[in-house]
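A short write-up of the structure that comes next.
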Amino acid sequence: KAGVTQTPRYLIKTRGQQVTLSCSPISGHRSVSWYQQTPGQGLQFLFEYFSETQRNKGNFPGRFSGRQFSNSRSEMNVSTLELGDSALYLCASSPGPYNEQFFGPGTRLTVL
Amino acid sequence: KQEVTQIPAALSVPEGENLVLNCSFTDSAIYNLQWFRQDPGKGLTSLLLIQSSQREQTSGRLNASLDKSSGRSTLYIAASQPGDSATYLCAVSPLNQGGSEKLVFGKGTKLTVNP
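Read top to bottom, the protein sequences are chains A and B. Whatever position you read off the first sequence (first residue = 1), add 1185 for the working numbering. Whatever position you read off the second sequence (first residue = 1), add 1024 for the working numbering.
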């Protein structure tokens, strides 16, 4: 069974640009969550989707948004990039509430 | 607000040693606790999931315990190997999130096993 996949794996952008990251969950998993990982703050929750509905949102500015499609694939978008948005963005999927969560390899975003 | 702490932040041991990693959380109202491993620049690999009603889980050389009332979990690694070198992260899934699966993470313990 294929794991969680994330594309692209690496991105370099400049301040003010926008970026879209993609996550394909494990087949059959309907829940997708996104996290930002930085050396200073560690792993911080961005948002969570279940059956195309945002179920929870972390404490991030409105420049961070996401969505989930009918096939459970999810995208997150960051607009007007700032230097502080440089991070590893991780996606996790699970079959449903309170189950084990499985993470993808992440997308490394660098903002110059 | 749930907070998760992992001590120590870094640990270096000789190969073959048994070791314990610690995780504490401030609110005992959790659904489960999960231990992950992260290699440099990579994603997270799930090691063990302990439901709130369980006391421990075992997988190979790994054993994780949970004491929900005291807000503590430990990850025991037996007969450590250089390949165990990685950062180990603990995460809890808080109750009262309306079904959300949001995880709250500690900052991890960086383990180095020396040959």
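For each residue, glycine too, the CB sits at the ideal point set by N, CA and C. Remember, predicted model here, so these are calculated numbers, not experimental data.
Taking the CA atoms as reference points, B/Y1112 sits about 6 Å from B/F1060.
Collapsing the DSSP output to three states places A/L1268 in a helix. Taking the Cβ atoms as the reference, B/Q1058 lies roughly 11 Å from B/V1128, outside the contact range of under 8 Å.
In the DSSP assignment, B/L1135 falls within the beta strand (DSSP E) that extends over 1133-1138. For B/G1084, no beta strand (DSSP E) segment is defined, and its DSSP state is neither H nor E.
For B/V1137, same chain residues with a beta-carbon under 7 Å away, outside a window of 5 residues either side, are V1037, E1039, S1104, Q1105, P1106, D1108, S1109 in chain order. By the neighbour-count criterion, in which 16 or more other beta carbons inside 10 Å mark a residue as buried, A/Y1195 falls on the exposed side. Taking the Cβ atoms as the reference, A/V1189 lies roughly 11 Å from A/S1216, outside the contact range of under 8 Å. Straight-line measurement puts the Cα of A/G1201 at about 34 Å from the Cα of B/Q1121. Assignment of beta strand (DSSP E) within the stretch 1188-1241 of chain A, counting only whole runs of 3 or more residues, yields 1190-1192, 1195-1198, 1204-1209, 1216-1223, 1227-1235 in chain order. DSSP links B/P1038 through a beta bridge to B/N1138. Secondary structure at B/P1032: coil, using DSSP grouped into helix, strand and coil. Minimum Cα-Cα distance from B/Q1030 among the listed residues A/H1214, A/G1243, A/T1192, A/G1227 corresponds to A/G1227.
Between B/A1033 and B/P1118 the beta-carbon gap is near 23 Å, outside 8 Å, which marks them as no contact. Look at B/G1084: its C-beta is not under 8 Å from any C-beta on chain A.
Listed in chain order, the non-local C-beta contacts of B/R1079 below 7 Å within the same chain comprise S1089, L1090, local neighbours out to five positions each way being set aside. Closer than 8 Å to the CB of A/Q1286 there is at least one CB belonging to chain B. In the DSSP assignment, B/N1046 is bridged to B/I1031, B/T1098. Taken atom to atom, the span from the alpha-carbon of B/K1131 to that of B/S1077 is near 25 Å. The DSSP-derived three-state label of B/D1108 is helix.
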